[in-house]
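What follows is a short report on a single structure.
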Amino acid sequence: MVKYLGPGRGGRRLVRPYILWRNICPAVLLCAMVGCGSSTPSSPVTPPRGTADIGISVIAKRVLIVAHGAVYGYRPSGITIPAGSTVLWTNQTDATHTVTAVNGSFDSKGLDKGRTFQKTFTIPGTYHYMCLFHTYMQGTVIVTK
Ligand SMILES: [Cu+2]
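First residue of the sequence shown: 285, per my numbering; consecutive thereafter.
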C-alpha cells in the first residue's frame, strides 16, 4: 500500500513506528503482557519520547489547549498552513484531552497537562479535529498546496 507521498518526511514518520511494533509485537506482547488477546495496543503508539522531533525541528503553528473556566478549547481553533508544515498542540489545562481527526487520519491519544502532540500535514485539504473527552472542543487545520 505504497501511495504517492512525495518527497516529504511525513511518510517516514508513519512507517517507522509501524515497523517497530511489528518487530516488538511477538516478543513483548505475548510474553510480557498476559492475556492481551493480541489486539493492537493503542496507547504505546505515541510514546513521550523526543525521537520524532529529530527530523522535524520547525513548528509552523502552535495551538494551545486552554480552559475558560470549566470550558476547554483549542486556541486558535482554526489555522491555515502550507503543505509540509508541522503543528504542535500543547495541553495547558489540568484535564486530559485529545487531538483527534474526525476523518481518523491522526490521533494524539490522551494528553495530560503539559503534554504536546505534533503532526506534519503533507496532503492539502481541510482537517477537522476534536477532543474525544470533550466533544464540543473542535478545531480545523486547512492545509494549502
Ligand atoms: Cu478535552
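Using N, Cα and C, we set each Cβ at its ideal position, and we do this for glycine too.
Bear in mind that the values here come from a model prediction, so they are computed numbers and not experimental data.
Proximity to residue i [Cα-Cα], best of the options
{"i": "A379", "options": "G357, D391 and I407", "result": "G357"}
{"i": "R346", "options": "G409, V386 and G362", "result": "G362"}
{"i": "G398", "options": "T377, T384, V386 and N387", "result": "T377"}
Residue environment, residue i, which counts as buried when at least 16 other CB atoms sit within 10 Å
{"i": "T419", "result": "exposed"}
{"i": "K429", "result": "exposed"}
Rounded separation between residue i and residue j - CA only
{"i": "T382", "j": "L416", "result": "6 Å"}
{"i": "I343", "j": "N375", "result": "16 Å"}
{"i": "Y413", "j": "D391", "result": "9 Å"}
{"i": "D396", "j": "P408", "result": "29 Å"}
{"i": "K393", "j": "V427", "result": "22 Å"}
{"i": "M421", "j": "S389", "result": "18 Å"}
Any non-hydrogen atom of ligand 1 within 7 Å of residue i CB
{"i": "A351", "result": "no"}
{"i": "H381", "result": "yes"}
{"i": "Y358", "result": "no"}
{"i": "F401", "result": "no"}
{"i": "F390", "result": "no"}
{"i": "H412", "result": "no"}
{"i": "F417", "result": "yes"}
Contact under 8 Å by Cβ, residue i with residue j
{"i": "T400", "j": "Y411", "result": "no"}
{"i": "T370", "j": "Q402", "result": "yes"}
{"i": "A351", "j": "F405", "result": "no"}
{"i": "L348", "j": "R359", "result": "yes"}
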